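Mapped onto the numbering used here, the consecutive letters of the sequence shown carry residue numbers 32 to 196. Where is the CB? At the ideal position from N, CA and C, for every residue including glycine. Here the structure is a predicted model, which means the values were calculated and not measured.
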Amino acid sequence: MTGEARAYGGGTVTGPHRPTVIVSSMASDSHTWNLVYLELLVGELGFDVVNLGACVPDELLESECLSRRPAMLVLSSVNGHGHQDGLRVIQRLRALEELRELPVVIGGKLGIGGGLTAEETAQLLLAGFDAVFDDHQGASSFRRFAATLPGGAARLSARVEGAGA
Ligand code: B12
């Protein structure tokens, strides 16, 4: 199947090479529709998506990132433990030389008391996340972040042109 045929939505992204983005939950979280949503969104932005699914053990996340060398890792959590899970996971990934530069973002319903506090968000960023998208921010800031990845801006404009916007 060609890159063009796999493109989601109205716009067509041409070109044979689509970088891979890994979408994943973390160990404690069994919710799945958030991952389906992200798979569609990231695909629409012009990337090939590997969706690791729910309740992903830290070891599997690490080995998938090492073997696939994705353009970005997108972590999603909605069960309220995302702040805790995220801190543990990012520390593990950033401890590996090979994954120090990998763009890693986290989003969803990350705490149990509504949105994260500024301090909790800062903890995640300091621990190594490149961006935190707690639910109150919406998807547009995530789209803007994805556009900053290598080839990302070109992908967005190719899509806008393809959609006739
Ligand atoms: C369905 C559901 C379940 C099902 C899940 C089935 C399945 N296969 O997914 C079951 C019954 C298993 C379940 C279990 C639990 N659930 Co539940 N569940 C829900 C429910 C009703 C809908 C979730 C859903 O599918 N939404 C549709 C998807 C598409 O949207 P979403 O998940 O909201 O994700 C959106 C955003 O968060 C955002 N997003 C998510 N990730 C990311 C990442 C990035 C990078 C970005 C940019 C955006 C983003 O984009 C998505 C689209 O807008 C919600 C309540 C609700 N109405 O939302 C509660 C809810 C998520 N569950 C909740 C809880 C507490 C639990 C349990 C702990 C309950 C319990 N005591 O056992 C367990 C946890 C199990 C576990 N180990 O994780 C809470 C979480 C509270 C919190 N975070 O503060 C919620 C919010 C209910 C509530 N109001 O209390 N749950």
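Is the closest heavy atom of the ligand B12 to the C-beta of residue i under 8 Å?
i    : result
F78  : no
C96  : no
H62  : yes
I53  : no
V87  : no
D161 : no
I143 : yes
On the criterion of 16 or more Cβ atoms from any shown chain inside 10 Å, does residue i qualify as buried, or is it exposed?
i    : result
I143 : exposed
R49  : buried
L92  : buried
L106 : buried
T179 : exposed
G84  : exposed
T148 : exposed
According to DSSP, simplified to helix, strand and coil, what is residue i?
i    : result
D79  : strand
F176 : helix
S55  : strand
L106 : strand
V73  : helix
I121 : helix
D165 : strand
G142 : coil
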